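All letters in the sequence shown, in the order written, are residues 1 to 365 by the UniProt record's numbering.
Where is the CB? At the ideal position from N, CA and C, for every residue including glycine.
Since the structure is predicted, the reported quantities are computational estimates derived from the model, not experimental observations.
Written below as structure tokens is the structure these notes are about.
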Amino acid sequence: MSNDTYLIEDASKQVGDHALMERWRALLADSDSHGRVYQSPEFFDYLLSTATQHAPPQLFTVKHRWSGVVVGVVPLTLRRHSIDFSAGRLRLGSLPVPSVVLLGSAPLMPAEPALLDLLLDFLLKHFPQCQAISLTSLPSDSGLWRCIARGRRCYRTHVLNDWRDCHQIPLPASFDAFMAQFNSKRRYNLKRQQRQLCEHGGGQLALRCIEHPGQLAAMSEALSRLSTPEHRAQLWTPEEMHELARHGMLLCYQIDCGGLPCALMLGLQSSDTLHLFNIFHDSALDHLSVGTTMLHMAIEDMCKRRNFKRIDLGYGKPGHSYTSTNVTVQRAHVLLMRASLKNRLICGAHRCFSAGIAWLRRRLR
């Protein structure tokens, strides 16, 4: 698809082309998206290598029509989302929404409303089986959201589950600078908790960094010890973890206390961000604040040996957080629904239902 200025093409078969990969990486380096790890060639290759239960990812390029210069790269995949009508544990119904998922919740291209409209028009026409374009974690202060808000409406914008707070822990250049953000009492308590955990292990407290495939067998044993089968069913499979590690994206931390695993942290790394997904710990050691110690020791390692600028905790309120140093950003799962009467009615019904549930909750308080 093209207009007078730009041409959009399916480049899925060109993945591996040296010139395209170099341009892709250059666009990625210039991006300020919080989801860059999901837009990377490595994550694309990971999705290709694990595409057994779902369709493989696809890659599209945006070029200047006459010069042929690639100005945008759009990695995406197809998924089936759902619009749920539920209140707490009561689920009244769900409507499937086949969707085009933009990896990283943003295209790697200039933030121009006209270009965005061209891309969205193209995707909705290229994938007629899909009813929406999905941006699973779109920041409310992003240039993309501003473009969507003022762009011409070839789609209906529907925000699932409203805007929600996402926590981040900024990481300064040194661990001393990080610790200096706390008052003396908090610094003392953090050191005391770590010392008490070490004493509980007979003087043996070791931090393990897990990022290579050969380290996964021992981590799997720790995960079995520290989590339930229900939790493990919601995590990456062993095969997926192996591929994430093989592509250099996996970064996990484990604490061994007295030679036994007592805490485990699962994450993905990009150039300057650790995306933290889970912290598991031995519940018998709750009185020793082992989850907080886990995070504290991992931060020390990140500040001393890596160039991370932040830890991204994603949606929700973290169970173990440094509330005095955390910052929050608002993000939402945004669906750009195909313009149709059916989708208009679905979005309207879901908004009314959600507003009614919110009103009822306020009344019950």
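Could you tell me which of the options sits nearest to residue i, measuring between CA atoms?
i	options	result
GLY356	VAL73, LEU235, ASP282 and ALA87	ALA87
CYS130	LEU138, LEU120, SER137 and PRO139	LEU120
GLU300	VAL70, ASP4, CYS209 and PRO128	CYS209
LEU144	ARG365, CYS347 and SER31	SER31
ARG164	ARG361, ALA358, HIS333 and SER340	HIS333
ARG65	LEU313, THR5 and LEU295	THR5
LEU225	CYS262, VAL159, MET297 and THR237	The sequence shown places Arg at residue 225, not Leu. Checked all of CYS262, VAL159, MET297 and THR237; the closest Cα to ARG225 is CYS262.
VAL71	ARG232, SER174 and ALA26	ALA26
TRP236	SER99, GLY248 and ASN278	ASN278
LEU76	PRO110, LEU116 and SER134	SER134
GLN194	PHE85, CYS257, VAL37 and ARG150	CYS257
ALA206	VAL290, GLU112 and ARG310	VAL290
In this structure, what does DSSP give as the bridge partners for residue i?
i	result
TYR155	ARG338
LYS185	According to DSSP, LYS185 bridges with nothing at all.
CYS130	DSSP, once it has assigned bridges, lists no residue as partnering CYS130.
ALA206	ASP256
MET109	DSSP lists no partner for MET109.
GLY93	PHE85
LEU268	LEU250 and HIS275
PRO170	ARG310
GLN330	ASP165
GLY72	VAL62
HIS281	ALA263
Distance check for residue j and residue i, CA to CA, integer angstroms please.
i	j	result
MET219	SER283	18 Å
PHE178	THR325	9 Å
LEU137	GLY202	It is worth fixing the name first, because residue 137 is Ser in this sequence and not Leu. Roughly 44 Å separates the two Cα atoms.
TYR46	THR273	19 Å
ARG79	ARG186	45 Å
SER82	LEU295	34 Å
CYS303	PRO170	11 Å
ALA349	HIS158	11 Å
ALA217	LEU223	10 Å
GLN234	MET265	15 Å
HIS54	ASP10	19 Å
ARG305	ALA298	11 Å
Do residue j and residue i count as a contact pair if the criterion is CB distance below 7 Å?
i	j	result
LEU197	THR293	yes
SER12	GLU243	no
LEU364	ALA132	no
residue 367	GLN39	Since the displayed the chain opens at 1 and closes at 365, residue 367 lies outside it and no answer follows.
VAL329	PRO139	yes
LEU95	ILE346	yes
CYS147	TYR315	no
GLN269	LEU288	no
HIS275	ALA245	no
TYR155	ALA339	yes
ILE8	VAL62	yes
LEU116	VAL73	no
GLN181	ARG310	no
If you count every other CB in all the chains shown that lies within 10 Å of the CB of residue i, and 16 or more means buried, which is it?
i	result
TRP24	buried
ALA106	buried
ILE92	Here residue 92 is Leu; the residue named in the question, Ile, does not match the sequence. LEU92 is exposed by the Cβ-count criterion.
PRO352	The sequence given here has Cys at residue 352, not Pro. When all chains shown are included, CYS352 counts as exposed.
SER142	buried
VAL101	buried
Using a Cβ-Cβ distance under 7 Å, would residue i count as near chain C?
i	result
ARG338	Of the chains in the structure shown, none is chain C; there is only one protein chain.
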